[in-house]
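Read through the structure below, which is laid out as structure tokens, and then see the notes.
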Amino acid sequence: MEVLQPRNKKAMLKVDLDQKTFDSLNVDNIDWKAITTELLLVFKNPGEAFRRVHAFQTQWNQKKLSRNWKAQQKSLPERVKELAEALQVQNEWPIFDKSNTMDWKTFCTKYDSLSPSEVAQLGALFDSRKVLNTREAMILLTSRRNPLVSKLEKDKLKEFMKQGGSVPVLTQIYDVLELDRKQVNLKKLAGQTLIDKWTQMMSSMRGQIEVPGRGAILTVDSEAWVMSYTRAYLIGTTEFEGRFKDLHTACKVRMKDRSIKAREWQESDVPVPAVPHLDNSITPAEAMATKHFGVSASVLALFSKQHLESRHPEGKRQELWLMPEGLGILSNQFEALQKYHDFLGIDLRLIQPESKVGSHAAT
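Note that full-length UniProt numbering has the sequence shown beginning at 1, numbered continuously upward.
Written as structure tokens, this is what we have:
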């Protein structure tokens with residue numbers, strides 16, 4: 001698909017699906033897996049390929065919603081129409097910057113009054129559960145407070161959404177890390193406040209927003225966090241990495257129990273073989289960091305079993321050296337492991353064959 005510009009390998013290249021291209025495609029069921037596979041064949045950077053397809057799919061879903069609304073609005077029951085309009089169905093990229101607590105309460109009341117068939121009609125109109133969940137989450141989050149409106153111009157926020165960014169996830173992370181405040185010491189967090197922030201950070205990286213008082217979880221982004229546009233955007237900001245590390249430090253110091261199971265928290269978006277008799281339990285701090293860098297908890301557990309030589313040169317960071325024969329199934333995640341350890345202040349290096357630790361070249 002030309003909209004993805006496969007010949008242009010520039011990272012973070014903007015994707016723009018205009019109305020003319022959308023109308024010319026005239027396809028209701030696009031094979032997104034086939035498109036992704038085709039793009040991966042010409043890209044050395046899989047993250048950029050996934051990001052472009054995600055941006056394309058995001059814009060496609062919005063234009064399809066607009067088309068559905070034009071075709072169905074006259075035949076929809078009045079209660080469904082009212083709720084759709086509350087979700088600003090007529091706008092492709094609504095930011096709900098004027099939402100307040102009453103808007104959220106009114107939305108919940110109207111939604112709860114729908115019959116099962118009306119709920120189904122609303123779902124059919126939006127077609128994409130992610131689009132519906134995203135708009136619902138935006139009403140919820142912006143009704144409480146909206147730090148993003150003061151941080152980003154509306155046009156920039158809309159462009160962020162077009163490129164596959166998740167405003168609900170971004171807003172929740174702003175709240176967790178208090179990015180709208182100039183000074184905050186997250187390292188001192190403790191007790192339930194720390195637990196709540198860790199839980200919300202993990203939920204954000206999984207693309208999920210909890211709805212207080214309703215016992216519901218809204219999935220607003222299914223894209224792998226490590227490859228997401230939202231993550232890339234945050235890393236490019238001034239405060240994110242420092243605040244993230246401070247929260248990680250607080251978790252490391254005060255939440256030491258190895259209580260997190262790999263399957264339970266889905267620490268990695270990269271599938272790895274099951275390893276019998278291997279303890280995949282990790283600490284909350286490890287769960288947070290492995291998710292952020294896309295390291296499988298199983299791989300982390302395997303890594304800890306390898307023969308590693310630790311060195312701590314005077315005046316320098318700690319170094320960990322891994323023998324090549326210890327790489328095994330770690331090979332496809334070695335780069336992620338390096339980034340993870342760099343975050344921890346450790347240089348992870350691979351010993352080259354027939355080399356000695358003191359004189360070999362490192363990777």
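Every residue gets a Cβ at the ideal spot worked out from N, C-alpha and C, and that includes glycine. Please read all numbers here as calculations on a predicted model, not as lab measurements.
For R214, no alpha helix (DSSP H) segment is defined, and its DSSP state is neither H nor E. Beyond the five residues adjoining it in sequence on each side, M227 comes within less than 7 Å, by CB distance, of G47, F50, R51 in the same chain, given in chain order. In this structure, DSSP gives L320 an extended state, which the three-state scheme calls strand. Residue range 308-311 is occupied by the beta strand (DSSP E) that includes E309, with no alpha helix (DSSP H) assigned at that position.
For N29, the closest C-alpha among the options N332, D127, S75, P116 is that of D127. At least 8 Å separates the beta-carbon of L186 from that of E239. Taking C-alpha positions only, V167 is separated from E153 by approximately 13 Å. When the five nearest sequence neighbours on each side are left out, the beta carbons in the same chain lying within less than 7 Å of the beta carbon of Y340 are those of A289, T290, F293, V295, in order along the chain. Contact between E118 and R79 holds, since their C-beta atoms are separated by about 6 Å, short of 8 Å. Judged by their CB atoms, W93 and Q62 are nearer to each other than the 8 Å cut-off. When beta bridges are read from the DSSP output, Q352 appears opposite no residue.
By the beta-carbon neighbour count (other beta carbons within 10 angstroms, threshold 16), M12 is exposed.
Nearest neighbour of K316 by Cα position, chosen from D347, E159, S304, L337, turns out to be D347. Nearest to L41 by C-alpha distance, out of D23, W60, P6, L25, is P6. The three-state reading of DSSP puts I139 in helix, counting H, G and I together. For the 8 Å CB-CB criterion, T134 and V220 form a contact.
The DSSP-derived three-state label of D155 is helix.
Separation of the CB atoms of C251 and L194 is rounded to 7 Å, and the pair is thereby assigned contact status at 8 Å. Here DSSP, grouped into helix, strand and coil, assigns Q208 to strand. Straight-line measurement puts the Cα of Q59 at about 29 Å from the Cα of K105. Here DSSP, grouped into helix, strand and coil, assigns D347 to strand. Between L125 and Q72, the gap from beta carbon to beta carbon is short of 8 Å. Around the beta carbon of P313, a 10 Å sphere encloses fewer than 16 other beta carbons of the protein chains shown; the residue is thus reported as exposed. Within 10 angstroms of the beta-carbon of S99 lie 16 or more other beta-carbons, which makes it buried. By alpha-carbon distance to I173, the top candidate from M161, Q121, M201, S331 is M201. It is roughly 12 Å from the alpha-carbon of D18 to the alpha-carbon of K64. When DSSP states are grouped into helix, strand and coil, S75 belongs to the coil group.
Assignment of L17 by DSSP, reduced to helix, strand and coil, places it in the coil class. By alpha-carbon distance to L344, the top candidate from S331, L320, T237 is L320. Counting other Cβ atoms within 10 Å of its Cβ, P324 stays below 16 and is therefore classed as exposed.
Rounded to the nearest angstrom, the gap between the Cα atoms of L76 and Q121 is 8 Å.
Going by C-alpha positions, R254 is about 24 Å away from F303. Burial is judged here by how many other beta carbons sit within 10 angstroms of a residue's own beta carbon; R144 has fewer than 16 and is exposed. Where E118 is concerned, the enclosing alpha helix (DSSP H) starts and stops at 116-126. If you compare the alpha carbons of L218, D103, L140 with that of S203, the shortest gap goes to L218.
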